[in-house]
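Below is one structure, written out as structure tokens; comments come after it.
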Amino acid sequence: MVDVASLVQQAREGRPRAVARLISLVEGASPQLREVMAALAPLTGGAYVVGLTGSPGVGKSTTTTALVTAYRKAGRRVGVLAVDPSSPFSGGALLGDRVRMSEHASDPGVYIRSMATRGHLGGLAWAAPQAIRVLDAAGCEVILVETVGVGQSEVEIAAQADTSVVLLAPGMGDGIQAAKAGILEIGDVYVVNKADRDGADATARELNHMLGLGESRGPGDWRPPIIKTVAARAEGVDEVVEALEKHRAWMDEGGVLDERRRRRAANEIEHIALTALRARIGDLHGDQRLTALAGRVTEGALDPYAAADELIAGLTAR
């Protein structure tokens, strides 16, 4: 058994091994996971969580690295959660993002962790919310969550981040493609990266047009800015940080940040509860109650909805 209290204390002191061990307990769904979360709960809530998403090839890792550099210059402790595709052989992360961010590997003020999706859709790993809690409790002031390269409907990052950054690049699709992309509905800040390429201005114009379609924002509502960058040369990165800070200030002022975090906690609670219920239902396969209900449905004596109600009532009464 792991000494959770000692691990948490070491993580608070900034020891990377302790942080790594805690995240490993989360990823492995350790029997001590509840103990870990209980120990972390009073220590969380101070970190600003920024999600970065976009299609493969837009420069998410390069942008993340440039943002880490900018925040470190400002003296902020930074955590990076880089979600990589799962290896088809080992099931682990391919670690591509950690390789790209190697320049920060020796910085004690930066903690970088690659996580595998392990088949989870939505651009994130299933354990990402708990891993964010670990980094928050470990004293990271800013947590950058970089998703796997996502498509049009994989927008889970919006439910996990305080601020969502959507990255695009010239040549990644026309305006119609942009209009139907689900990820263009979740952004708080939009970044057109690789702006030194032909078509960057056109991409920014099309994006601005698409964001204006059907827009119904009030006088005090947030209007997502569109920023052009060349992340590989750190051009435009300071403007991105400025936009992030403005968005955070706007959320603080209007109570939006607290609302988003409450919604995030509600989603997390719901997910944990549903997972527990699914586990109980899984235990019922071969159980006489389920077999009896199935028989009554087959005979027409009971409809499947009523049978499900009986099953749920039995589960919740346990």
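One gets our numbering by counting positions in the sequence shown from 1 and adding 6 to each. We treat Cβ as the ideally placed atom computed from N, Cα and C, and that holds for glycine. Nothing here was measured: the structure is a model prediction, and the numbers come from that model.
The three-state reading of DSSP puts residue 271 in helix, counting H, G and I together. Pairing residue 201 with residue 252 gives a Cβ-Cβ distance that is not under 8 Å. Of all alpha-carbon atoms in 9, 74, 243, 62, the one lying nearest the alpha-carbon of residue 45 is that of 9.
Contact between the stretch 132-151 and the stretch 30-47 is present: 3 or more CB-CB pairs across the two stretches fall below 8 Å. Exclusion of the five residues before and after residue 256 leaves 228, 262 as the residues of its chain whose Cβ lies within less than 8 Å of its Cβ. Buried is the label assigned to residue 199, since at least 16 other Cβ atoms lie within 10 Å of its Cβ.
In this structure, the alpha-carbon of residue 300 lies about 48 Å from that of residue 13. Within 10 angstroms of the beta-carbon of residue 118 lie 16 or more other beta-carbons, which makes it buried.
By the criterion of a C-beta distance shorter than 8 Å, residue 39 is surrounded in its chain by 31, 32, 136, once the five residues flanking it on both sides are discounted.
Annotated as proximal: residue 173 and residue 65, with beta-carbon spacing under 8 Å. Sequence-distant Cβ neighbours of residue 16 in its own chain, meaning closer than 8 Å and more than five residues away, are 23, 24. Remark: C-beta atoms of residue 56 and residue 168 approach each other more closely than 8 Å. In the structure shown, the three-state DSSP call for residue 305 is helix. The beta-carbon distance between residue 143 and residue 49, rounded to whole angstroms, is 4 Å. This is short enough to meet the 8 Å contact definition. With fewer than 16 other CB atoms across the displayed protein chains lying within 10 angstroms of its CB, residue 114 is exposed. At a cut-off of 4 residues, the continuous stretches assigned as alpha helix (DSSP H) that sit fully inside the stretch 184-267 are 206-218, 243-260. Spatial neighbours of residue 18 in its own chain (CB-CB distance under 8 Å, excluding positions within 5 residues in sequence) are listed in chain order as 49, 143, 144, 145.
Counting of Cβ neighbours within 10 angstroms places residue 298 among the exposed residues, the total staying below 16. Annotation: the continuous alpha helix (DSSP H) that includes residue 31 extends over 22-33. Relative to the Cα of residue 51, the nearest Cα in the group 147, 259, 320, 250 belongs to 147.
The criterion of a C-beta distance shorter than 8 Å is satisfied by residue 243 and residue 237. In the same chain as residue 77, and ignoring 5 residues on each side of it, the C-beta atoms closer than 6 Å to its own belong to 84, 148, in chain order. Assignment of residue 121 by DSSP, reduced to helix, strand and coil, places it in the strand class.
The Cβ atoms of residue 247 and residue 197 lie no closer than 8 Å to each other.
In the displayed model, residue 52 falls within coil according to three-state DSSP, outside both helix and strand. Within the same chain, and ignoring the five residues on either side of residue 11 in sequence, the residues whose Cβ sits closer than 7 Å to its Cβ are 45. Taking every protein chain shown into account, the CB of residue 294 has fewer than 16 other CB atoms within 10 angstroms, so this residue is exposed.
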